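Engineer: In the numbering used here, the protein residues as written are 1 to 166.
Backbone N, C-alpha and C fix where the C-beta goes; we use that ideal spot for every residue, glycine too.
These figures come from a predicted structure and were not determined experimentally.
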């Protein structure tokens with residue numbers, strides 16, 4: 001059920017990202033709602049479909065961006081791997097982990113994208129890419145991390161209800 005619910009949920013999040021969030025840039029950077037949702041989803045204890053949501057979100061984002069298909073999926077799955085490992089180790093402070101992983105996830109996604117674009121022959125200056133796109137994007141993602149985590153935690157409780165003890 002949770003895997004199938006990911007299709008409309010991630011679709012709506014992608015539409016919000018494309019229609020509203022992308023129109024609110026900071027310098028040249030914009031927030032990545034799909035990344036935030038995937039990190040928050042992977043940090044939930046009861047969630048077992050984080051990998052599927054990562055692939056689904058990566059496919060959706062790669063269809064609407066100029067970034068190569070494999071870059072988005074690889075970056076999102078790498079961030080989910082880090083989130084799942086962090087969830088097992090640091091389980092008492094999920095909001096702090098969310099903030100740390102939001103920053104790391106933004107860096108991972110942007111650095112992988114920059115490297116792939118440079119390999120493909122694009123002339124992206126590393127310093128300007130980091131200062132004008134990556135760091136402002138990370139700041140916007142950090143500002144949205146707490147509300148996204150709260151909404152995703154409620155969604156996870158709704159999709160994975162706990163059993164009531166009699």
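1. Out of curiosity, what's the CA-to-CA distance linking residue 42 and residue 87?
2. Output the boundary residues of the alpha helix (DSSP H) element that contains residue 49.
3. Could you work out which residue in 23, 126, 5, 31 is closest to residue 144 when comparing CA atoms only?
4. Where does residue 26 fall in DSSP's three states?
5. With DSSP run on the structure shown, which of helix, strand or coil describes residue 67?
6. Within the continuous alpha helix (DSSP H) that includes residue 105, where are the two ends?
7. Within 10 angstroms of its Cβ, does residue 150 collect 16 or more other Cβ (buried), or is it exposed?
8. Do you know offhand how far residue 71's Cα is from residue 116's?
9. Rounded to whole angstroms, what's the CA-CA distance from residue 83 to residue 122? Just pull it up for me.
10. In the DSSP assignment, find the alpha helix (DSSP H) that holds residue 160 and state where it starts and stops.
11. Taking the Cβ atom as the reference point for each residue, do residue 111 and residue 79 lie within a distance shorter than 8 Å?
12. Going straight from the alpha carbon of residue 97 to that of residue 90, what length do you get?
Structural biologist: The structure says:
1. Those two C-alpha atoms are separated by around 8 Å.
2. Careful: residue 49 lies outside any alpha helix (DSSP H) and carries neither H nor E.
3. 31
4. strand
5. coil
6. 94-119
7. exposed
8. 8 Å
9. 31 Å
10. Segment: none, residue 160 is in no alpha helix (DSSP H) and carries neither H nor E.
11. No.
12. 7 Å
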